[in-house]
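Working notes, beginning with the structure itself.
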Amino acid sequence: MTAFARRARASAGRMHPELSLVSYTLLGHLEERDGCRATDLAAHYALDKSTVSRQVAALERAALVERRVDPDDHRVQVLHLSEAGREILAQVTESRRAAFQERLADWPDEDLVRFAGYLARYNAPGTDRS
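In the working numbering, the protein residues as written are 693 to 822.
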């Protein structure tokens, strides 16, 4: 698992020089949720608010994220991907997909099916023991 995590961190930098693994993860979450508050990001990833604040500030400086006022509560700011953020996330996602396809191209179908099953089982809700 350590090797897997190290490979993921290293590959994030190769996919796009502006995005760390954490940045990519946060952008992906914002895309998946169609925006959320910084406090929601901190709670979801069990990160300190100051850590998320620094990451979000860097994403804002890079014009990948923008803040919008919540229409239901004008005191709340919601983070959303900017158009540039969507484009970079799409590029990185495509690069990752191509890298996975290349890495798994020689695997027999039965191995791919087993691997997919193991990943689904590992990522299933209720299996987070951290």
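Glycine is no exception: its CB is placed at the ideal position from the N, C-alpha and C atoms.
Query	Result
Environment of Gln747 [buried if 16+ CB atoms lie within 10 Å]	buried
6 Å CB neighbourhood of Val744 in its chain, flanking five on each side removed	Ala730, Leu733 and Ala734
Rounded separation between Pro817 and Gly777 - CA only	28 Å
Nonlocal neighbours in the same chain, by C-beta distance under 6 Å from Glu758, ignoring five residues either side	His772 and Ser774
Bridge partner(s) assigned by DSSP for His772	Glu758
Rounded separation between Leu713 and Leu781 - CA only	12 Å
Counted within 10 angstroms of its Cβ, other Cβ atoms place Val770 as buried (16 or more) or exposed	buried
Three-way DSSP call (helix, strand, coil) for Arg767 in this model	strand
Buried/exposed call for Leu751, threshold 16 Cβ in 10 Å	buried
Neighbourhood of Arg725 by C-beta, 7 Å cutoff - its chain only, sequence neighbours within 5 removed	none
Burial state of Tyr814, where buried means 16 or more other Cβ atoms lie within 10 Å	exposed
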